[in-house]
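Participant: Residue numbering for the sequence shown follows my numbering, starting at 2 and increasing by one per position.
Shown below is the structure under consideration.
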Amino acid sequence: MNATIRGELFSCPSCGKDFALAIRSPARTLEMKADAALLFADYSELIRFSDQLPTMINACKALVGRPYMPLFISKPDIYRRSALFRQFVTDVLVSVSSHNCKETQASLNLLAPSFTFAEPMHSPYATHAKSSVPSVRRAIKSVASETDQKLQEAWAIYRTVRRHLWRHHVCKHRSCAQLAMKTLWWDLEGEKTQSFCEIALAFIRWRMQWEGRRIPATLAVSNRGIVPYGLLGWISKDSPISSVHWSPAFESWLNTHLLAAACLDSFAGWMMLSAAHKGDHQVRWCMKDHEMFTKRHWACSGRGTPLEPGFLFLEPLTNSNYLSANLLSCKCTRMHHRVTVLALARVKR
Numbered sequence: 002m003n004a005t006i007r008g009e010l011f012s013c014p015s016c017g018k019d020f021a022l023a024i025r026s027p028a029r030t031l032e033m034k035a036d037a038a039l040l041f042a043d044y045s046e047l048i049r050f051s052d053q054l055p056t057m058i059n060a061c062k063a064l065v066g067r068p069y070m071p072l073f074i075s076k077p078d079i080y081r082r083s084a085l086f087r088q089f090v091t092d093v094l095v096s097v098s099s100h101n102c103k104e105t106q107a108s109l110n111l112l113a114p115s116f117t118f119a120e121p122m123h124s125p126y127a128t129h130a131k132s133s134v135p136s137v138r139r140a141i142k143s144v145a146s147e148t149d150q151k152l153q154e155a156w157a158i159y160r161t162v163r164r165h166l167w168r169h170h171v172c173k174h175r176s177c178a179q180l181a182m183k184t185l186w187w188d189l190e191g192e193k194t195q196s197f198c199e200i201a202l203a204f205i206r207w208r209m210q211w212e213g214r215r216i217p218a219t220l221a222v223s224n225r226g227i228v229p230y231g232l233l234g235w236i237s238k239d240s241p242i243s244s245v246h247w248s249p250a251f252e253s254w255l256n257t258h259l260l261a262a263a264c265l266d267s268f269a270g271w272m273m274l275s276a277a278h279k280g281d282h283q284v285r286w287c288m289k290d291h292e293m294f295t296k297r298h299w300a301c302s303g304r305g306t307p308l309e310p311g312f313l314f315l316e317p318l319t320n321s322n323y324l325s326a327n328l329l330s331c332k333c334t335r336m337h338h339r340v341t342v343l344a345l346a347r348v349k350r
């Protein structure tokens with residue numbers, strides 16, 4: 002450490018041996034790994050495509066000859082490749098541009114609308130005049146009342162989907178689900194428990210997501226007085242922003258289809274996650290797991306009137322075959338029920 006001796010710091014002045022080699026070669030660098038670089042490039046491409054999306058939509062409206070036609074496209078799923086969203090948007094714009102000519106659409110094998118809506122002529126909202134639509138919007142007294150009405154409609158749709166899953170998908174595994182609800186009486190957020198019947202586990206976690214509950218035992222009690230925070234989150238985040246050209250009936254129809262599709266897709270995601278936990282024999286309870294599930298892209302065009310029907314485009318569900326095969330493979334037998342009872346008996350607080 003003598004100032005008169007010149008040499009590398011933290012090195013021997015006689016032989017030059019480096020005693021601080023670790024601090025001269027840092028372990029971390031600013032260079033990305035190969036997988037991270039690909040994800041970053043894909044996300045950058047998605048941002049550039051999103052910037053061009055308004056221009057593409059306006060060009061499609063001009064080609065159809067209706068510059069004020071409502072045309073909405075969902076937000077892209079950031080957990081999927083940007084090429085899937087670009088392909089979906091391209092198919093939708095081409096289909097909307099040629100929807101007046103059905104022969105051309107069929108010959109080119111274009112994307113067909115999943116659902117079509119058109120109000121009857123005798124409906125008080127079925128009018129093409131733009132001046133009458135704001136009067137319908139002004140009839141709503143306040144934003145709070147509109148939100149409460151949307152929540153009531155969403156709750157009715159969710160209960161219908163829940164009843165369908167309980168009768169046709171959970172089916173013979175109802176006893177497994179009911180026993181699990183009675184056994185798990187405490188807050189399980191962030192905890193690990195023994196894995197049990199995958200269908201019952203998926204249905205319970207699916208209900209906890211949409212009803213905003215953290216204790217499975219509360220699912221077996223009455224629904225009165227609860228606030229379904231999952232449905233509120235969907236209304237505030239994923240539901241389409243209403244257009245002034247839409248009638249209340251068309252907006253309710255659109256929300257019904259999108260919410261039902263989101264509920265069924267999330268149940269398929271929980272089923273796949275439960276099947277993945279089956280080999281680990283443990284399950285980690287985290288309500289945010291559903292944020293990683295695959296979300297279908299959607300698009301909507303038109304006003305829902307007889308002169309301009311509304312078209313809803315839904316991306317095909319990719320894991321429907323897997324869900325059907327998984328439900329058929331998990332049969333409810335006496336041995337299965339006994340294994341579920343023993344697994345739940347080993348779960349302790």
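Heads up, the beta-carbon is just placed ideally off N, CA and C, and yes, glycines get one too.
So, are the CB atoms of C61 and L47 less than 9 Å apart?
Facilitator: Counting from one through the sequence shown, the residue named residue 61 turns up at place 60. Counting from one through the sequence shown, the residue named residue 47 turns up at place 46. Not a contact, by the Cβ cut-off of 9 Å.
Participant: What's the call for N59, buried or exposed, on a 16-neighbour Cβ count within 10 Å?
Facilitator: Taking the first residue of the sequence shown as position 1, residue 59 is located at position 58. Burial call: exposed.
Participant: Can the beta-carbon of E1 be found less than 9 Å from the beta-carbon of W286?
Facilitator: Summary: the structure shown does not reach residue 1, with the chain confined to residues 2 through 350, and so no result is reported for it.
Participant: Among W299, A344, T334, P310, which has the Cα closest to the Cα of L1?
Facilitator: This structure does not reach residue 1, given that the chain is present from 2 up to 350, and the question cannot be answered.
Participant: Which of helix, strand or coil does DSSP assign to R347?
Facilitator: Start at 1 with the first residue of the sequence shown, and residue 347 comes out as number 346. If DSSP states are grouped into helix, strand and coil, R347 belongs with coil.
Participant: DSSP on R10, reduced to helix/strand/coil?
Facilitator: For the purposes of this step, residue 10 is identified with residue 9 of the sequence shown, where counting begins at 1. Note on residue identity: the sequence assigns Leu, not Arg, to residue 10. If DSSP states are grouped into helix, strand and coil, L10 belongs with coil.
Participant: Could you tell me the distance, in whole angstroms, from the CA atom of D281 to the CA atom of K296?
Facilitator: By 1-based counting over the sequence shown, the position of residue 281 is 280. By 1-based counting over the sequence shown, the position of residue 296 is 295. About 26 Å.
Participant: Compute the Euclidean distance between the alpha carbons of S223 and C198, then round it to the nearest angstrom.
Facilitator: Within the sequence shown, the letter at position 222 stands for residue 223. Within the sequence shown, the letter at position 197 stands for residue 198. Between S223 and C198, the C-alpha separation is close to 24 Å.
Participant: Under a three-way DSSP split, which group does K193 fall into?
Facilitator: Translated into the one-based positions of the sequence shown, residue 193 becomes position 192. Strand at K193.
Participant: I need the boundaries of the alpha helix (DSSP H) containing I205, first residue and last residue.
Facilitator: What you label residue 205 is simply residue 204 of the sequence shown in a count that begins at 1. From DSSP, the alpha helix (DSSP H) with I205 extends over 199 to 212.
Participant: If you measure between the beta carbons of L220 and T341, is that distance less than 9 Å?
Facilitator: For the purposes of this step, residue 220 is taken as residue 219 along the sequence shown, with counting starting at 1. For the purposes of this step, residue 341 is taken as residue 340 along the sequence shown, with counting starting at 1. No, the pair does not count as a contact, with Cβ atoms beyond the cut-off.
Participant: So, helix, strand or coil for V284, using DSSP?
Facilitator: Stepping through the sequence shown from its first residue, residue 284 is reached at position 283. Strand at V284.
Participant: Using alpha carbons as the reference points, say which of V90, A42, D43 lies closest to M57.
Facilitator: Position 56 of the sequence shown, counting from 1, holds the residue named residue 57. Out of V90, A42, D43, V90 has the C-alpha closest to the C-alpha of M57.
Participant: Taking Cβ positions, are Y44 and S75 nearer each other than 9 Å?
Facilitator: Walking along the sequence shown from the start, residue 44 turns up at place 43. Walking along the sequence shown from the start, residue 75 turns up at place 74. Cβ distance not < 9 Å, so Y44 and S75 don't count as in contact.
Participant: Looking at C-alpha atoms only, which residue of P310, G231, A157, Q283 is the closest neighbour of R347?
Facilitator: The residue given as residue 347 occupies position 346 in the sequence shown. The shortest C-alpha separation from R347 is found at Q283.
Participant: Taking the alpha carbon of F118 as the reference point, which residue from L265, N256, T334, K349 has its own alpha carbon closest?
Facilitator: Within the sequence shown, numbered from 1, the residue matching residue 118 stands at position 117. Nearest option by C-alpha distance: N256.
Participant: Excluding the five sequence neighbours on either side, which residues of its own chain have a C-beta within less than 6 Å of the C-beta of W254, listed in chain order?
Facilitator: Reading the sequence shown from its first residue, position 253 is the one you call residue 254. The answer, listed in chain order, is F118.
Participant: Would you tell me roughly how many angstroms separate the C-alpha atoms of R351 and Q150, rounded to the nearest one?
Facilitator: Outside the displayed span of the chain (2 to 350) sits residue 351, for which this structure offers no information.
Participant: Per DSSP, which one or two residues make a beta bridge with I74?
Facilitator: As a working note, residue 74 is residue 73 in the sequence shown. A300, per the DSSP bridge assignment.
Participant: Between which two residues does the beta strand (DSSP E) carrying F118 extend?
Facilitator: Within the sequence shown, numbered from 1, the residue matching residue 118 stands at position 117. Note, F118: beta strand (DSSP E), 116 to 118.
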